[in-house]
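First comes the structure, then the notes that go with it.
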Amino acid sequence: MDQHTFLLACESSYIHVYAKGIKLAVYDEWSSVVIHVALDNTVVINEIKQLCRFKVLSVNPNSLHYRGEGLDLLGSSGEWKPLLLIVPLRLGLSDINPVYVQGLKTCFTFKQSLGVIGGKPNHALYFIGCVGNEAVYLDPHTTQLAGLVEDKEQEHERTLDATYHCQYASRMHILQMDPSVAVCFFCSTEEEFDVLCRLIQERLVVPEKQPLFELCNERPQQWSPMQDSAEEALGATACLSFEADRQFDDSDEDFELLG
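Quick note on our numbering: the sequence shown kicks off at 2 and runs consecutively.
Following this line, the structure appears as C-alpha cells:
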C-alpha cells in the first residue's frame with residue numbers, strides 16, 4: 002500500500018468514526034441542534050429534514066451500555082431543530098485539484114456558510130472567507146488571556162476586549178490548503194435549509210463539471226436505512242464501552258485460545 006492510499010484509508014476511517022459519534026448527539030435530550038455529517042460527498046435532503054424533525058422517544062442507558070439495545074423508534078417532534086451541516090471532502094491526493102477552487106470559493110458566499118475546517122499539513126486552521134484566490138483564516142492555536150470585559154472603562158478591560166478581534170487578516174492561497182477539508186453550514190429554519198439546497202444545486206452542482214459534492218432527495222439504495230445507521234452508531238459506542246470494560250479483565254472465560 003503506497004503512502005497516498007494509506008492516508009486515504011486513514012482519513013476515511015476517521016470520518017466514519019467521527020460521524021458515528023456525531024449521530025449520538027441526537028440522543029442528548031438537552032441538545033437543540035442537529036449535527037449531521039454528510040458522507041460520501043452526498044447531501045441527502047429528505048434524510049436531513051427527517052433528522053431535524055425527529056427525536057428519540059426513550060433510551061435505556063443500561064441496555065445501550067453493552068449491546069445497543071433499549072432504543073425506541075424515532076418519533077416526530079413536529080418542530081424543526083436548527084441544523085449544523087458538515088460535509089467532509091477530499092479535494093485531491095497531496096494538493097487541492099484546481100478544478101475545485103471555484104466551488105470552494107462559492108461556498109463562502111452562501112448566507113448559511115460557517116466556513117471551512119481545514120489547514121495545511123500538521124496545522125489546523127479555520128477558513129472564514131476568501132479574497133480572490135486567497136483564503137482568509139483564523140488560527141485556533143492562538144491563545145489569549147481570559148477575563149471579564151464588562152463596561153470597558155478600565156485599561157485592562159479594554160485590553161481584554163481587544164483580544165476578541167483579529168489585529169490583521171491571515172491569508173493563504175487556496176491551492177496551498179491541505180486537500181482534506183470540511184465545508185460547514187448552519188440553517189436555523191427549514192426555509193433556510195431549502196434556500197441552501199437551491200443555492201447548492203444552482204451554483205455548485207449545475208455549473209461545475211466536477212462539483213464539490215452531490216445533492217439528492219432520497220438516500221441512495223446502496224446505503225443502509227437511516228434507523229439502522231442510528232442503531233449502528235449506538236452499537237459502535239457499546240463495543241467501545243465493552244472493550245474498555247474488558248481491558249483490565251485477564252479472564253479467558255468465554256474465549257477460545259488459538260495457537
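We put the beta carbon where it would ideally sit given N, CA and C, even for glycine.
- Residue N42 holds the alpha-carbon nearest to the alpha-carbon of V182 among A147, N42 and T164.
- A Cβ-Cβ contact shorter than 7 angstroms links L85 with F187.
- Within the same chain, Cβ atoms closer than 6 angstroms to the Cβ of V102 are found at I175, the five residues on either side in sequence being excluded.
- The Cβ atoms of G104 and L205 sit closer than 7 angstroms to each other.
- Inclusion of V150 and D140 in the CB contact set at 7 angstroms is not warranted, their separation being larger than that value.
- About 29 angstroms separates the CB atoms of E219 and N98; that is not less than 8 angstroms, and the two are not in contact.
- Every alpha helix (DSSP H) stretch that sits fully inside the stretch 147 to 222 and reaches 4 residues is listed by chain position as 156 to 163 and 191 to 200.
- Around K153, the same chain offers R159 and D162 as residues with beta carbons nearer than 7 angstroms, after the five sequence neighbours per side are excluded.
- In the structure shown, the three-state DSSP call for E135 is strand.
- Pairing M178 with G119 gives a Cβ-Cβ distance under 7 angstroms.
- DSSP places F111 outside both helix and strand once states are collapsed to three, so it counts as coil.
- Scanning R172, C217 and Y165 for the CA closest to the CA of E135 turns up R172.
- DSSP, reduced to helix, strand and coil, places L92 outside both helices and strands of the structure shown, so it counts as coil.
- Taking P122 as the centre and dropping the five residues before and after it, the same chain places the C-beta of D179 closer than 8 angstroms to its C-beta, in chain order.
- For I129, DSSP records no beta bridge to any residue.
- For I46, the enclosing alpha helix (DSSP H) begins and ends at I46 to R54.
- In the structure shown, L84 adopts extended strand secondary structure according to DSSP, grouped into three states.
- Nearest neighbour of C167 by Cα position, chosen from Y138, E203 and K106, turns out to be Y138.
- In terms of Cβ geometry, E191 and W81 form a close pair [threshold 7 angstroms].
- For H37, the enclosing beta strand (DSSP E) starts and ends at V35 to V38.
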